[in-house]
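Data first, discussion second: the structure below is written as C-alpha cells.
So, in C-alpha cells, the structure goes:
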C-alpha cells in the first residue's frame, strides 16, 4: 500500500512538472510585443491553446547581408584560397587591432563570410550585390540552393538579389523576379536611377510543419529618391497581393539605401505606411492588374521595432564602408514583416533581433555592410 501511494504521488508530481514545463516553453518562445499598434502572435497562441487547438509553429532564423560586389575579380579558386590561409595563431601583444581597413578581393572575403553565416546558422540567407561568381561560390560553400537572377539580363549578368535555402528543410513552391521600374517584367531601370534594380520573390513551405511564407528581397537605388520610393511601393503592393491570395506571412528584406528617418527616409516610410505613394498613378498598369488586391492599408513592420526591447542586440548601423571612421555609418539594411490591417491577427512574431559584425579585430572587412539577423516564430 505504501509503494502504491508513493507511485501515485510521484506520477502526479511528474505530471505537474510536465505541465509547468510546457507553459514555460510557451511563455519564453512567445513574447508579447510592447508595440500597441500591432496584434502579435503571443495573444493568438494563448487563444488557440484555450480552445484546445495546436497551431503548427515554425521557428525561423532569417539573415540578410549586402556582400559588396566583386570589384577586384581574379581567377583564384576556392581551393587555392583555403590552401593559402595562414594557420599561425597570433602572439598576444604583437597584434595591431583593427588596422586592416582596406577592401580586399572577394576571393579572400568569401571564406570569412562563409564561416560567419555558418556560425549564425540561418534557415534563410539573403544577399544583395552578389555577382554570378559570388552567388555560385556561396552555393558551394554554404551547401544551400538559391533563387535569383542577374539584374541586367534576367540571367547571369549583373547583381543578384539571391535567396538561399536548404531544400531538405524547405520546399520552394514558386519564385520570380521583377524589376523596380516602369517596365517591371523585363530587365530595365527607372529613367533617373543609377542602376538596374530587381526584386526576387520566393514562396516557401517548411516541410516538417507545413508552415508557409513569402520572402521578398530587393536592393533599392543609391541615386534617385523617387526610384527608391517606387521600388518600396512596388514591393509593398506585391506583398499585399501575396498575403491576400495565400493567407501566409510575407517578409521584405534588403538594402534600402534609405534610413528610417531624415532626408533619405522616403523608401522606408513608404514601406512602413508612414508616407503615401500613389500606386495607381505611378506603377505600371500591367503590374497593377496582375497583382490586384483589396488590402489598401497593408504595410510593413520593422523587425527592430517589433522585437521586445530586452531581446535587441548587436550594432545599430548596418552600413560601415571600408574605413575606420564612423562618419558614414547608417542603418539602411532592413528586415520587415507584412501587416494587412484588415482585422487578421499576425501569424509571425519577432523573438530576437541582431545586427552582427563585418570587421573582426585581427582581420579584414567581410563587406561594407553588416549582416542583419532575426529569430521569428511563424504560425501556420
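In the numbering used here, the protein residues as written are 27 to 406. Every residue gets a Cβ at the ideal spot worked out from N, C-alpha and C, and that includes glycine.
What residue range is occupied by the uninterrupted beta strand (DSSP E) comprising residue i?
| i | result |
| --- | --- |
| residue 197 | 196 to 205 |
| residue 233 | From DSSP, residue 233 is part of no beta strand (DSSP E); its letter is neither H nor E. |
| residue 313 | It is not in any beta strand (DSSP E) - residue 313 instead sits in the alpha helix (DSSP H) that spans 311 to 316. |
| residue 324 | Run containing residue 324: none; DSSP gives neither H nor E here. |
Determine the extent of the alpha helix (DSSP H) in which residue i is found, giving its start and end residues.
| i | result |
| --- | --- |
| residue 361 | No alpha helix (DSSP H) contains residue 361, which is instead part of the beta strand (DSSP E) from 359 to 365. |
| residue 133 | 132 to 146 |
| residue 295 | 292 to 297 |
| residue 256 | 251 to 272 |
| residue 237 | No alpha helix (DSSP H) contains residue 237, which DSSP labels as neither H nor E. |
| residue 106 | 104 to 109 |
| residue 6 | Examination of residue 6 is not possible in this model, given that the chain is present from 27 through 406 alone. |
| residue 331 | 329 to 332 |
| residue 308 | 305 to 308 |
Between residue i and residue j, what straight-line distance do the alpha-carbon atoms span, to the nearest angstrom?
| i | j | result |
| --- | --- | --- |
| residue 223 | residue 180 | 11 Å |
| residue 193 | residue 148 | 14 Å |
| residue 325 | residue 364 | 6 Å |
| residue 397 | residue 256 | 25 Å |
| residue 218 | residue 211 | 18 Å |
| residue 122 | residue 116 | 10 Å |
| residue 268 | residue 200 | 12 Å |
| residue 144 | residue 306 | 43 Å |
| residue 380 | residue 138 | 19 Å |
| residue 236 | residue 191 | 16 Å |
| residue 334 | residue 360 | 17 Å |
| residue 166 | residue 400 | 24 Å |
| residue 270 | residue 163 | 36 Å |
| residue 91 | residue 344 | 9 Å |
| residue 329 | residue 376 | 7 Å |
| residue 387 | residue 275 | 38 Å |
| residue 273 | residue 299 | 20 Å |
| residue 250 | residue 221 | 10 Å |
| residue 129 | residue 402 | 33 Å |
| residue 351 | residue 367 | 42 Å |
| residue 231 | residue 150 | 12 Å |
| residue 226 | residue 189 | 8 Å |
| residue 339 | residue 304 | 36 Å |
| residue 168 | residue 263 | 32 Å |
| residue 108 | residue 372 | 45 Å |
| residue 133 | residue 103 | 8 Å |
| residue 318 | residue 89 | 30 Å |
| residue 414 | residue 354 | No answer is possible for residue 414: the residues shown for the chain start at 27 and end at 406. |
Roughly how far, in whole angstroms, is the beta-carbon of residue i from the beta-carbon of residue j, given that I think they are within contact range, below 8 Å?
| i | j | result |
| --- | --- | --- |
| residue 126 | residue 389 | 6 Å |
| residue 244 | residue 160 | Rounded, the Cβ-Cβ distance is 17 Å, inconsistent with contact. |
| residue 261 | residue 242 | 5 Å |
| residue 266 | residue 206 | Actually they are not in contact, since the Cβ atoms of residue 266 and residue 206 sit about 16 Å apart, beyond 8 Å. |
| residue 393 | residue 135 | 7 Å |
| residue 404 | residue 239 | 6 Å |
| residue 141 | residue 280 | With 8 Å as the limit, residue 141 and residue 280 do not qualify as a contact, their Cβ atoms being about 23 Å apart. |
| residue 81 | residue 369 | So it is not a contact: roughly 18 Å between Cβ atoms. |
| residue 182 | residue 176 | 5 Å |
Quick check on the burial criterion: 16 or more other C-beta atoms within 10 angstroms. Buried or exposed for residue i?
| i | result |
| --- | --- |
| residue 105 | exposed |
| residue 286 | buried |
| residue 215 | buried |
| residue 124 | exposed |
| residue 327 | buried |
| residue 99 | exposed |
| residue 68 | The pLDDT assigned to residue 68 is 49, lower than 50, so where the model puts this residue is not dependable; a value taken from the coordinates is nonetheless given after this. It counts as buried. |
| residue 47 | Because residue 47 carries a pLDDT of 44, less than 50, the predicted location of this residue cannot be relied on, and the following value inherits that uncertainty. When all chains shown are included, residue 47 counts as exposed. |
| residue 293 | buried |
| residue 111 | exposed |
| residue 118 | exposed |
| residue 234 | exposed |
| residue 54 | Residue placement at residue 54 is flagged as unreliable, the pLDDT there being 40, under the threshold of 50; the coordinate-derived value follows with that caveat. Exposed. |
| residue 413 | With the chain represented from 27 up to 406, any question about residue 413 goes unanswered, as that position is not in the structure. |
| residue 282 | buried |
According to DSSP, what are the bridge partners of residue i?
| i | result |
| --- | --- |
| residue 338 | 379 |
| residue 402 | 86, 376 |
| residue 91 | 153 |
| residue 191 | 150, 171 |
| residue 228 | 201, 241 |
| residue 429 | Since the first residue shown for the chain is 27 and the last is 406, residue 429 is missing from the structure and cannot be characterised. |
| residue 385 | 391 |
| residue 186 | 156 |
| residue 348 | Answer by DSSP bridge pairing: none, since residue 348 is not bridged. |
Can you determine whether any heavy atom of the ligand GTP sits closer than 6 Å to the C-beta of residue i, and answer yes or no?
| i | result |
| --- | --- |
| residue 343 | Questions concerning the ligand GTP fall outside what the structure shown contains, since it holds no ligand whatsoever. |
I'd like to know if residue i contacts chain C, where contact means its C-beta is closer than 7 Å to some C-beta of that chain.
| i | result |
| --- | --- |
| residue 305 | The structure shown contains no chain C, having only a single protein chain. |
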